[in-house]
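Going by UniProt numbering, 243 is the number at position 243 of the sequence shown; the sequence numbering is gapless. Where is the CB? At the ideal position from N, CA and C, for every residue including glycine.
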Amino acid sequence: MDSKILAASSKHPKPVDHLFQYGTAGFRMKATLLDSVVFRVGLVAALRSRKLGGQTIGVMITASHNPPEDNGVKLVDPMGEMLENSWEAYSTELANAKDEDVVKVYRSLEEKLKINPDTASRVIYARDTRPSGPKLVQALLDALNATGTEYTDYKLLTTPQLHYLTRCTNTEGTPQSYGEVSEKGYYEKLGKAFKRAMKGRKTVGSLTVDCANGVGGPKLAELVKYIPAGSDGGVDIKIINDDVLKAEVLNHECGADYVKTKQRAPPTSKAGNNERCCSYDGDADRIIYYFNDPEHGFRLLDGDRIATLAASFIGDLAREAGLASELKIGVVQTAYANGASTKYVEKTLGLPVVCTPTGVKWLHHAATKFDVGVYFEANGHGTVVFSQQALKAFSTKEPESPAQASALETLRALTDLINQTVGDALSDMLLVETILAHKSWTPKEWDLTYTDLPNRLVRVEVANRNIFKTTNAERTLVEPQGTQDRIDQLVSKFKDGRSFARASGTEDAVRVYAEAATRSEADDLASKIAALVKHDGGMTS
Ligand code: 16G
Ligand code: MG
């Protein structure tokens with residue numbers, strides 16, 4: 001095998017002097033720099049699969065909401081979860097090995113992790129619609145062939161579809177089976193569950209879906225074939241921004257990230273007042289809702305809103321089903337969650353909130369500690385996970401009334417409708433539509449559940465962002481010394497003030513978040529903290 005790996009590796013030389021890092025979303029950068037990285041990620045996938053006794057590992061080639069010229073690669077663990085933390089470091093190590101050391105590092109990892117090279121290794125993979133995808137797939141294939149890995153190429157998929165298929169593949173034929181191992185199986189599962197959850201209800205008006213000109217477009221068009229129209233107990237979907245042939249339009253003036261950061265609908269949207277709209281990101285693992293309020297203009301219904309909506313609905317169903325005392329239901333957020341949403345969950349819904357560092361893997365992990373764990377980042381990435389105990393309770397509890405029976409059936413339908421492996425824009429969208437239909441809510445009524453505190457996010461460039469070290473789920477700085485005290489002093493002067501600074505995991509910058517009772521106070525607090533961070537970060541402005 002050594003000579004095969006060496007020969008294959010020589011076709012994918014590493015750019016000199018480039019330092020790669022497996023970050024919160026895998027490796028991500030200009031596609032032209034990624035060839036050697038993808039090859040080596042293929043080697044890591046083979047090792048990871050062998051280490052886990054030949055279970056199937058997923059490899060996704062995508063750069064999500066980044067511009068078209070970027071690409072990225074990440075690994076999916078057997079149950080459809082993000083790659084285990086310690087393996088991020090092994091991936092980074094192999095990605096940075098000198099060309100002549102690739103085999104040596106591969107073997108040393110094998111030895112260190114006690115991996116039997118004779119164990120079978122299996123991988124499934126897919127990519128988004130970027131033009132650089134096919135070439136990078138070739139680099140991956142060269143690694144899989146050199147390591148004698150069995151593989152299935154799923155071609156174009158959304159990231160959450162690959163997570164779903166990874167879990168289905170590894171649970172096929174077991175009591176934990178997660179669904180049929182095919183893309184069609186995914187649509188069928190969601191379509192059936194949606195019908196069961198809606199129980200003939202209608203959504204009001206239509207839903208305009210902006211697919212960011214990414215892979216979500218063709219996949220949503222496929223899903224629509226499996227879900228009933230509005231008049232039939234489903235939803236009328238209008239797809240926009242679904243051009244995947246013109247590479248340059250991907251994520252351009254559209255998509256979840258654009259809508260969230262610009263606080264406006266894509267210019268291509270023709271939706272009228274009070275009409276539901278949502279935007280996916282480039283690989284359809286994020287979703288943001290919004291609408292135009294004739295009185296107040298553009299209104300964003302972000303990840304915090306989806307989390308509170310889901311938690312309130314599932315909490316009510318659990319009570320109606322007589323399961324509230326048996327099941328621990330909770331919400332997981334990051335420090336970016338609006339303070340008003342946290343207060344709403346704790347005070348109005350009476351549910352616990354846990355805060356974790358940024359990055360889906362942390363939220364997901366914390367959510368699995370609940371029987372029903374609802375997690376969302378404000379940017380629209382999230383889902384709901386159910387414990388084995390919750391699944392058992394939903395399927396074995398004997399209903400004592402028709403209302404209880406109905407609540408239990410809806411809960412069971414939700415466990416199939418929700419992609420429990422990772423945040424999934426298609427599945428989350430059907431969840432939101434189901435809840436709005438059950439509550440007979442317009443987007444305006446959803447928006448009125450609580451009032452967001454005005455907030456501001458600022459990106460601050462500093463000499464070295466790595467000197468900013470945090471604790472307390474990124475809400476408190478431990479270094480540079482004294483900075484946190486000065487932040488606290490400033491914050492204490494603002495009504496409902498809250499602010500934190502953390503080094504970005506994806507860009508060379510520090511992000512400052514601030515919220516306060518009024519718009520001008522939030523802006524003022526943000527700019528004061530930003531100036532402080534810039535100063536303490538070693539740059540005077
Ligand atoms: C990554 C994360 C996303 C997070 C963002 C923060 C995943 C799959 N993606 O895109 O959840 O919000 O990083 O970026 O975990 P930042 O560290 O630059 O603020
Ligand atoms: Mg994404």
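For residue 404, name the three-state secondary structure that DSSP assigns. Helix at residue 404.
Taking Cβ positions only, does residue 356 come closer than 8 Å to chain C? Given the protein chain composition of this structure (a single chain), no chain C is represented.
Measure the C-alpha to C-alpha separation of residue 226 and residue 191 and round it to an integer number of angstroms. When rounded, the distance between both Cα atoms is 5 Å.
Just to confirm, are residue 378 and residue 304 a CB contact at a threshold of 8 Å? The answer is yes: Cβ separation under 8 Å.
The alpha helix (DSSP H) with residue 42 in it runs from where to where? Boundaries of the alpha helix (DSSP H) around residue 42: 35-51.
With a Cβ-Cβ cutoff of 8 Å, do residue 314 and residue 235 count as a contact? It is not a contact, given that the beta carbons lie outside the stated cut-off.
Which residues does DSSP list as the beta-bridge partners of residue 206? Answer is 236.
Check: residue 358 C-beta below 7 Å from any heavy atom of the ligand 16G: Result yes, Cβ under 7 Å from the ligand 16G.
Buried or exposed, going by whether 16 or more other CB atoms sit within 10 Å of the CB of residue 312? By the neighbour-count criterion, in which a residue is buried when 16 or more other Cβ atoms sit within 10 angstroms of its Cβ, residue 312 is buried.
Give me the Cα-Cα distance between residue 178 and residue 278, rounded to the nearest whole angstrom. Rounded to the nearest whole angstrom, the C-alpha separation of residue 178 and residue 278 is 27 Å.
Leaving out the 5 sequence neighbours to the left and right, which residues in its chain are closer than 8 Å to residue 53 when beta-carbon positions are compared? 119, listed in sequence order.
Could you check what DSSP says for residue 384 in three-state terms: helix, strand or coil? For residue 384, the secondary structure class from DSSP, reduced to helix, strand or coil, is strand.
Cβ of residue 502 within 8 Å of Cβ of residue 470? Cβ distance < 8 Å, so residue 502 and residue 470 count as in contact.
Whole angstroms are fine: how far does the CA of residue 69 sit from the CA of residue 6? Each residue's Cα considered, the two are about 29 Å apart.
Using the three-state DSSP reduction, which class does residue 503 fall into: helix, strand or coil? It is a strand residue.
Cβ contact check for the segment 207-215 and the segment 162-175: 3 or more pairs under 8 Å: Segments in contact, no.
Tell me, to the nearest whole angstrom, how far the beta carbon of residue 284 is from that of residue 160; I am working on the premise that it is less than 8 Å. Right, the Cβ-Cβ distance comes to about 7 Å (below 8 Å), so this counts as a contact.
Are there three or more Cβ pairs, one per stretch, closer than 8 Å when the segment 122-129 is compared with the segment 144-162? These segments touch.
Going by DSSP, name the residue or residues bridged to residue 5. Beta-bridge pairing links residue 5 to no other residue.
Return yes when the C-beta of residue 163 is under 7 Å from any heavy atom of the ligand 16G, and no when it is not. Because no heavy atom of the ligand 16G lies under 7 Å away, the Cβ of residue 163 does not count as near it: no.
Count the CB pairs spanning the segment 435-442 and the segment 490-506 that are closer than 8 Å, and state whether there are at least three. As far as the Cβ criterion goes, the segment 435-442 does not touch the segment 490-506, which means the pair count is below three.
Return yes when at least one heavy atom of the ligand 16G lies under 7 Å from the C-beta of residue 506, else no. Yes; taking the cut-off as 7 Å, the Cβ of residue 506 has a heavy atom of the ligand 16G nearer than that.
Exposed or buried, what is residue 488 when buried is set at 16 or more other beta-carbons lying within 10 Å of its beta-carbon? Result: exposed.
Could you tell me the boundaries of the alpha helix (DSSP H) in which residue 333 lies? For residue 333, there is no enclosing alpha helix (DSSP H); the enclosing beta strand (DSSP E) has its first and last residue at 329-334.
Taking the beta carbon of residue 98 as the centre, do at least 16 other beta carbons fall within 10 Å, making it buried, or is it exposed? By the neighbour-count rule (16 or more Cβ atoms within 10 Å), residue 98 is not buried but exposed.
Excluding the 5 residues preceding and the 5 following residue 432 in the sequence, name in chain order all residues of the same chain whose CB lies nearer than 7 Å to its CB. 289, 306, 309, listed in sequence order.
Return the first residue and the last residue of the beta strand (DSSP E) that residue 290 is part of. That run of the beta strand (DSSP E) goes 287-293.
Can you tell me whether residue 1 is buried or exposed? The criterion is at least 16 other CB atoms within 10 Å of its CB, across all chains shown. Per the 10 Å Cβ criterion, exposed.
Whole angstroms is fine: what's the gap from residue 50's alpha carbon to residue 535's? Cα to Cα, residue 50 sits roughly 49 Å from residue 535.
Endpoints, beta strand (DSSP E) assigned at residue 477: DSSP places residue 477 in the uninterrupted beta strand (DSSP E) bounded by 476-479.
Considering only DSSP beta bridges, list what residue 455 is partnered with. In the DSSP assignment, the residues bridged to residue 455 are 515.
What I want to know is whether the C-beta of residue 24 ends up closer than 7 Å to one or more non-hydrogen atoms of the ligand 16G. The ligand 16G has a heavy atom closer than 7 Å to the beta-carbon of residue 24.
Cβ pair residue 408, residue 335 closer than 8 Å: Inclusion of residue 408 and residue 335 in the CB contact set at 8 Å is not warranted, their separation being larger than that value.
When we look at the beta-carbon of residue 515 and count the other beta-carbons within 10 Å, is it buried (16 or more) or exposed? Using a 10 angstroms sphere on the CB of residue 515, the tally of other CB atoms reaches 16 or more, which defines it as buried.
Is residue 198 near residue 233, with beta carbons less than 8 Å apart? With contacts defined as CB atoms closer than 8 Å, residue 198 and residue 233 qualify as a contacting pair.
Under a three-way DSSP split, which group does residue 215 fall into? Here residue 215 sits in coil by DSSP.
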